[in-house]
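The sequence shown runs 6 to 310 under my numbering.
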Amino acid sequence: MKTNNLGPRAGKSQPALFDRDLLKPFEGVPTHSLYPEFIAVASGLKPVLRTYAIRLDRYAALKKLLAARRLFSERSDFRISSEDDTLLDPQGESAYVYISGSAALAARAKKCEEGILGRRKPSYSDSLEFSKLMGYPRCCFDFFLKFVTGRPPRPSHLAEYEALKNTGGTPSFYLNNLIRGDHYLVSHYPCSYRCGPSVNYARALLGEIRKVRPALAGKLARLLKCPVIKFPEKGSYVRLLGGRAAEGGAVRYRDCDGEAGLAARFAKGDSLRASESRIQIFKNGLPAGAYRRKNKDDGTVFIFE
6 MKTNNLGPRA GKSQPALFDR DLLKPFEGVP THSLYPEFIA VASGLKPVLR
56 TYAIRLDRYA ALKKLLAARR LFSERSDFRI SSEDDTLLDP QGESAYVYIS
106 GSAALAARAK KCEEGILGRR KPSYSDSLEF SKLMGYPRCC FDFFLKFVTG
156 RPPRPSHLAE YEALKNTGGT PSFYLNNLIR GDHYLVSHYP CSYRCGPSVN
206 YARALLGEIR KVRPALAGKL ARLLKCPVIK FPEKGSYVRL LGGRAAEGGA
256 VRYRDCDGEA GLAARFAKGD SLRASESRIQ IFKNGLPAGA YRRKNKDDGT
306 VFIFE
């Protein structure tokens, strides 16, 4: 059986064997658990998972642990900084690890990314192949590549604004990728927040999580349905917990989390109303503060359903 022209479909593991802290003892840089992606790989929804930085001296133990769960792994030959898991460092003590239900696909992902990083200007075909190995829809790959390599090239974290502009109707909660941490279903930038292939994947993944961790799946779905305010600075978001759209363009909420300073400002209220120049914050119907928008994208409120 073929899938995405990658060759034989990867074998399945048992999703119930994976817990959210599986990678923690092996991390070179503390980061997120990647739990949703482990479930996606274990259930055959995603061909390959690439980790963040894994310590070289702990890779053998991780490989053995994964093998016991019927997953194959390869580690990158290039090394990663011990201070920043996105920086290459010849003296680094960590590496990326490629995990799959297929030994061939794990090895292919390793070779593919090493080829990409070894070229000054990676080819379209190499980048496309790696995106397929990661399970990203072709439409989303083309959208993202055009966004970050256009003239002028734009930072990847601003692609979310462009995806919202491409969305016809209300964004699907399945594709809420704004405050990831461990609370996400899609690890790529969707071309729109109603992208059909992305929604189908995310819906299936939530179903797999529900089979093994029903309480976690329920919590995840509730969080993904919360409105999120996005700011232009990288990593700047505020999630409106218990949030919902109200009459007259208002958004009601009971609490919020996200970037500390911004979250504290919005936590003073229980509803907000956005205009072109500012976001007004209210508590029990009375003014409780405001956020002045620097441009039309600053403070965009994403409403999901």
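The beta-carbon is built from N, C-alpha and C at its ideal position, and this holds for glycine as well.
Endpoints, beta strand (DSSP E) assigned at residue i
| i | result |
| --- | --- |
| K288 | R283 to K288 |
| L93 | Taken as a continuous stretch (DSSP letters only), L93 belongs to no beta strand (DSSP E), as it is neither H nor E. |
| V306 | T305 to F307 |
| V256 | A255 to R257 |
8 Å Cβ shell around residue i - same chain, five flanking residues per side excluded
| i | result |
| --- | --- |
| C117 | D131, E134, F135 and L138 |
| K204 | Before going on, a small fix: residue 204 reads as Val here, not Lys. Here the set comprises S177, Y179 and L180. |
| I59 | L28, F31, E32, G33, L67, R80, S99, A100, Y101 and V102 |
| R297 | S282 and R283 |
| K273 | I286, K288, A293 and G294 |
| G253 | R278 |
| T172 | S197, Y198 and R199 |
| K2 | The structure shown does not extend to residue 2, since the chain spans only 6 to 310, so no value can be given for it. |
| K299 | P237 |
| L92 | I85 and S86 |
| I121 | P127, D131, S132 and F135 |
Spatial neighbours of residue i in its chain, beta-carbon cut-off 6 Å, leaving aside the 5 residues before and after
| i | result |
| --- | --- |
| L228 | H188 |
| A45 | K51 and L210 |
| Y141 | H193 |
| P195 | C145, A168, L180 and S203 |
| E318 | The shown model of the chain, from 6 to 310, leaves out residue 318, and the question about it has no answer. |
| F148 | C196 |
| L54 | E42, V46 and I104 |
| F77 | S105, A108 and A111 |
Host alpha helix (DSSP H) of residue i (start-end)
| i | result |
| --- | --- |
| V153 | R143 to T154 |
Collapsed DSSP secondary structure at residue i in the structure displayed
| i | result |
| --- | --- |
| C117 | helix |
| R249 | strand |
| R270 | helix |
| D131 | helix |
| S136 | helix |
| G263 | strand |
| L110 | helix |
| S280 | coil |
| G294 | strand |
| V102 | strand |
| V191 | coil |
| D302 | coil |
Assumed close pair residue i, residue j - CB separation to whole angstroms, cut-off 8 Å
| i | j | result |
| --- | --- | --- |
| F271 | K230 | Not confirmed; about 18 Å, so no contact. |
| R185 | H37 | 7 Å |
| P232 | F287 | With 8 Å as the limit, P232 and F287 do not qualify as a contact, their Cβ atoms being about 15 Å apart. |
| A347 | I214 | With the chain covering 6 to 310 only, the question about residue 347 has no answer from this structure. |
| D94 | S86 | 4 Å |
Cutoff 7 Å; reference residue i; Cβ partners in own chain excluding five residues on either side
| i | result |
| --- | --- |
| L28 | S38, L39 and T56 |
| R257 | G248, R249, A251, D275 and S276 |
| L61 | E98, S99 and A100 |
| F307 | L169, P176, L183, P232, V233 and K235 |
| E119 | S81, D82 and F83 |
| G174 | R199 |
| L159 | According to the sequence as given, residue 159 is Arg; it is not Leu. So the list reads F152 and V153, once near-sequence residues are dropped. |
| K7 | For K7, the pLDDT reaches just 40, beneath the cut-off of 50, and the residue's location in the model is therefore unreliable, although a value from the coordinates is still provided. Nothing listed; no residue qualifies. |
| G304 | I234, F236, A279, I284, Y296 and R298 |
| L246 | C231, Y258, R259, D260, C261 and D262 |
Any non-hydrogen atom of the ligand GDP closer than 8 Å to residue i Cβ
| i | result |
| --- | --- |
| S203 | The ligand GDP is absent from the structure shown, which contains no ligand whatsoever. |
Every unbroken alpha helix (DSSP H) inside the stretch 151-185 [4 residues or more] = With a minimum length of 4 residues, the continuous alpha helix (DSSP H) runs that stay inside the stretch 151-185 are 164-170.
Only counting runs of 4 or more residues, tell me where the alpha helix (DSSP H) segments fall wholly within the stretch 206-240, in order along the chain.
-> Contiguous alpha helix (DSSP H) elements confined to the stretch 206-240 occur at 219-229, taking only those with 4 or more residues.
Run through the stretch 6-90 for me and flag every whole alpha helix (DSSP H) of 4 or more residues, listed as ranges in chain order.
-> Within the stretch 6-90, complete alpha helix (DSSP H) segments of at least 4 residues are found at 40-47 and 64-73, given in chain order.
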